[in-house]
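**Q**
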Amino acid sequence: MNRSLLISCLTLVGPALVSGQEAASGEADPNLSYTGKPLVQTEIEAETLEAEITEDKGYLIGRGSVKLTATNLEITCNQIEVFTDVKDKDGNDTLGELSSIQKIIATGNVKIVQEERMATSGRAEVFPNEDFILLDEDPIVYQNDITIDGTGAQMRILRGNGRVELIGDTNNKIRVTGRPIEDFGFEENEDSIVPPEDEPVDDSNNEEEESPGSEKGNNEDDPEAAEQSDE
Numbered sequence: 083m084n085r086s087l088l089i090s091c092l093t094l095v096g097p098a099l100v101s102g103q104e105a106a107s108g109e110a111d112p113n114l115s116y117t118g119k120p121l122v123q124t125e126i127e128a129e130t131l132e133a134e135i136t137e138d139k140g141y142l143i144g145r146g147s148v149k150l151t152a153t154n155l156e157i158t159c160n161q162i163e164v165f166t167d168v169k170d171k172d173g174n175d176t177l178g179e180l181s182s183i184q185k186i187i188a189t190g191n192v193k194i195v196q197e198e199r200m201a202t203s204g205r206a207e208v209f210p211n212e213d214f215i216l217l218d219e220d221p222i223v224y225q226n227d228i229t230i231d232g233t234g235a236q237m238r239i240l241r242g243n244g245r246v247e248l249i250g251d252t253n254n255k256i257r258v259t260g261r262p263i264e265d266f267g268f269e270e271n272e273d274s275i276v277p278p279e280d281e282p283v284d285d286s287n288n289e290e291e292e293s294p295g296s297e298k299g300n301n302e303d304d305p306e307a308a309e310q311s312d313e
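In this note's numbering, the protein residues as written are 83 to 313.
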């Protein structure tokens, strides 16, 4: 890459995404994003890079082992395109400002990494002015212990919060997978409040209780014993 092309590439994307990390009301510390994270320069690496700047538009395309790094954002893919405006509607130069980048398109084995989440898809469109990333072609988002599978659907990752919006249909339903929860069933050997059924009477106890009566019956057969008993 020659020097003029390198300068063009840095001019197109250098400070733009960094400016986009600042709060709308302005930060007291210009070196921190609105989330409090240190701002880092936006960079794009690729096997080949081409850039062109006209009177009112800018365009950059990178191919092969592409990597974009910005504040709390890393995108790797096969190809990346950056579309910018050089001037605003009043004719003022906007190159390098947040408003200059209209869209970034990443295609082919897209992987997006942030501290809070990670996403994969076949295609991703970054809209810095609208604060969201649109994922297409079988997107999947991993956030904490939750996996959101949007195969066949589209996803929107919103900047500034943990929200993820998904658009599916009857043929391509969205599936969310989280950590296991405790079993709400029961085991057969658990203690029961139902009283047990009546147990059968033990005949051996009854026989022992009736033994004195049996002696009385024997006395009736023995007259002499009966007389002694009467006395």
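Each residue gets a CB set at the ideal place from its N, CA and C atoms; glycine is no exception.
This one's a predicted model, so the numbers in the text were calculated from it and none came from an experiment.
Is it right to say residue 147 is buried, meaning 16 or more other beta carbons lie within 10 angstroms of its own, or is it exposed?
**A** Exposed: under 16 other Cβ atoms inside 10 Å.
**Q** If we count the other Cβ atoms within 10 Å of its Cβ and call it buried at 16 or more, is residue 261 buried or exposed?
**A** Looking at its Cβ environment, which holds fewer than 16 other Cβ atoms inside 10 Å, residue 261 is exposed.
**Q** Taking C-beta to C-beta, are residue 138 and residue 168 nearer than 8 Å?
**A** Yes, they are a contact pair.
**Q** Could you please give me the residues that DSSP links to residue 145 through a beta bridge?
**A** The partner list for residue 145 (beta bridge, DSSP) reads 130 and 161.
**Q** Specify the secondary structure class of residue 103 as computed by DSSP and reduced to three states.
**A** Caution is warranted here: a pLDDT of 41 is assigned to residue 103, below 50, making its placement in the model unreliable, and no coordinate value can be reported.
**Q** Since residue 233 is in the beta strand (DSSP E), which residue starts that stretch and which ends it?
**A** Unbroken run through residue 233: none, as it is neither H nor E.
**Q** Measure the CB-CB distance between residue 219 and residue 187 and report whether it falls below 8 Å.
**A** For residue 219 and residue 187, no; Cβs fall outside 8 Å.
**Q** Spatial neighbours of residue 166 within its chain, please: CB distance less than 6 Å, with the 5 preceding and 5 following residues excluded, ordered by chain position.
**A** Hits under 6 Å: 94, 140, 182 and 183.
**Q** Helix, strand or coil for residue 139, going by three-state DSSP, please let me know.
**A** DSSP places residue 139 in strand when its eight states are reduced to three.
**Q** Can you tell me which of 130, 125 and 158 puts its alpha carbon nearest to the alpha carbon of residue 201?
**A** Comparing Cα positions, the closest option is 158.
**Q** Could you pull out every residue in the same chain whose Cβ sits closer than 6 Å to the Cβ of residue 238, ignoring the five residues on either side in sequence?
**A** Taken in chain order, the residues that qualify are 214, 216 and 247.
**Q** Would you mind working out which of 130, 277 and 242 sits nearest residue 119, comparing C-alpha positions?
**A** The shortest Cα separation from residue 119 among 130, 277 and 242 belongs to 242.
**Q** Inspect the beta-carbon positions of residue 236 and residue 222 and report whether they are closer than 8 Å.
**A** Their beta carbons are not under 8 Å apart, which means residue 236 does not touch residue 222 by this criterion.
**Q** Using a Cβ-Cβ cutoff of less than 6 Å, which residues in the same chain neighbour residue 156 once the five nearest sequence positions on both sides are dropped?
**A** Here the set comprises 195.
**Q** Compute the Euclidean distance between the alpha carbons of residue 233 and residue 124, then round it to the nearest angstrom.
**A** The alpha-carbon atoms of residue 233 and residue 124 are separated by roughly 30 Å.
**Q** CB residue 199 to CB residue 225, shorter than 8 Å?
**A** Yes, the Cβ-Cβ distance between residue 199 and residue 225 is below 8 Å.
**Q** Is it buried or exposed for residue 162, if we count other Cβ within 10 angstroms and need 16 for buried?
**A** That one is buried.
**Q** Taking the C-alpha atoms as reference points, what is the distance between residue 144 and residue 136?
**A** Answer to the nearest angstrom: the Cα atoms are 18 Å apart.
**Q** From residue 149 to residue 266, what does the alpha carbon distance come to, in whole angstroms?
**A** Between residue 149 and residue 266, the C-alpha separation is close to 46 Å.
**Q** What do you reckon, are the CB atoms on residue 121 and residue 131 nearer than 8 Å?
**A** It is not a contact, given that the beta carbons lie outside the stated cut-off.
**Q** Along the chain, where does the beta strand (DSSP E) that runs through residue 191 open and close?
**A** First-last of the beta strand (DSSP E) with residue 191: 183–195.
**Q** Starting from residue 202, follow its DSSP beta bridges and name the residues at the other end.
**A** Its beta-bridge partners are 193 and 222.
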